[in-house]
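Undergrad: First the structure, then my questions, so here it is.
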Amino acid sequence: MPTQTTPQVDVSVGVGPWPGPWPDDPRLDPELLAHGDRRNVVDAYRYWRLEAIVADLDTRRHPFHVAIENFEHDFNIGSVVRTANAFLAREVHVVGRRRWNRRGAMVTDRYQHVRHHPDPDALGDWAVDAGLPLIGVDNGPGSVPLEEYDLPHACVLLFGQEGTGLSAAATARCADVLSIAQFGSTRSMNVGAAAAIAMHAWVRRHSFGQWPVATAGT
Ligand SMILES: C[S@@+](CC[C@H](N)C(=O)[O-])C[C@H]1O[C@@H](n2cnc3c(N)ncnc32)[C@H](O)[C@@H]1O
186 MPTQTTPQVD VSVGVGPWPG PWPDDPRLDP ELLAHGDRRN VVDAYRYWRL EAIVADLDTR
246 RHPFHVAIEN FEHDFNIGSV VRTANAFLAR EVHVVGRRRW NRRGAMVTDR YQHVRHHPDP
306 DALGDWAVDA GLPLIGVDNG PGSVPLEEYD LPHACVLLFG QEGTGLSAAA TARCADVLSI
366 AQFGSTRSMN VGAAAAIAMH AWVRRHSFGQ WPVATAGT
């Protein structure tokens, strides 16, 4: 009887130890140079120290912010943070509980500036002080279609909880609330998906074609 063997597949990502003469660029991390860089960063940041990457991102962050209510330890918050990093949001605001479920962020929160607000009014007051309109994203009564809305250049996009949606207190502080068109049978989509659509709408309106776009994945 033939024996079954498991095919060996190379699943390593990233790059191995630095192969050439030792570089003296202070942005590079000696540990990563010595042992390889397996992080999920674009190729331009291979071997860079975390602080050097954040400092570089800070020079070109977009002017939109992302905020999400956190009253139920929603595991989707991590996914929203990861997308905020992909689209280079200026800051992420967590509203409600200080602790949030980081699993879905896949450590991208380390590359973001994350600010906490105890409740929607605290976020609303912060946005007023910063001169930023608070734009809610939910499909409740009174919402207007995102597809027809001219998103402001600098703004805060505020998302609700997976279970309850945008709270009344948060909605009351929003300049407008935007709905994303749906065509199926469910009342709403996953908040992580909704956040990605809204952020990409901002990118299409304000950013596309202006920056070199990071493309390499691992
Ligand atoms: C799963 S929804 C829950 C609440 C929703 N209002 C309902 O009645 O089912 C959670 C969050 O995802 C976002 N979301 C989901 N579907 C959306 C849509 N079609 N338009 C805008 N936001 C949406 C909103 O931020 C919302 O607060």
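Each position in the sequence shown, counted from 1, maps to that position plus 185 in the working numbering. All C-beta atoms, glycine included, are put in the ideal place defined by N, C-alpha and C.
Residues in the same chain with beta-carbon distance under 8 Å from G377, minus the five sequence neighbours each way, listed in chain order, please.
TA: N261, S264, V265, T268 and G289
Undergrad: Using only the alpha-carbon positions, how far apart do G309 and L319 sit?
TA: 7 Å
Undergrad: Does the beta-carbon distance from A219 to P202 come in below 8 Å?
TA: yes
Undergrad: Contact between the region 343-354 and the region 297-309: three or more CB pairs below 8 Å?
TA: With a cut-off of 8 Å on Cβ pairs, the region 343-354 is in contact with the region 297-309, counting three or more such pairs.
Undergrad: Can you check whether the CB of A237 is closer than 8 Å to the CB of H278?
TA: no
Undergrad: What do you reckon, are the CB atoms on H301 and R287 nearer than 8 Å?
TA: no
Undergrad: Would you please state the rounded distance, in angstroms, between the beta carbons of Y296 and N270? I believe it to be under 8 Å.
TA: 5 Å
Undergrad: Does P305 pass the burial test, meaning 16 or more other C-beta atoms within 10 Å, or should it be called exposed?
TA: Around the Cβ of P305, a 10 Å sphere holds 16 or more other Cβ atoms; the residue is buried.
Undergrad: Compute the minimum distance between the beta carbon of R358 and the heavy atoms of ligand 1, and state whether it is under 7 Å.
TA: no
Undergrad: Do H258 and R275 count as a contact pair if the criterion is CB distance below 8 Å?
TA: no
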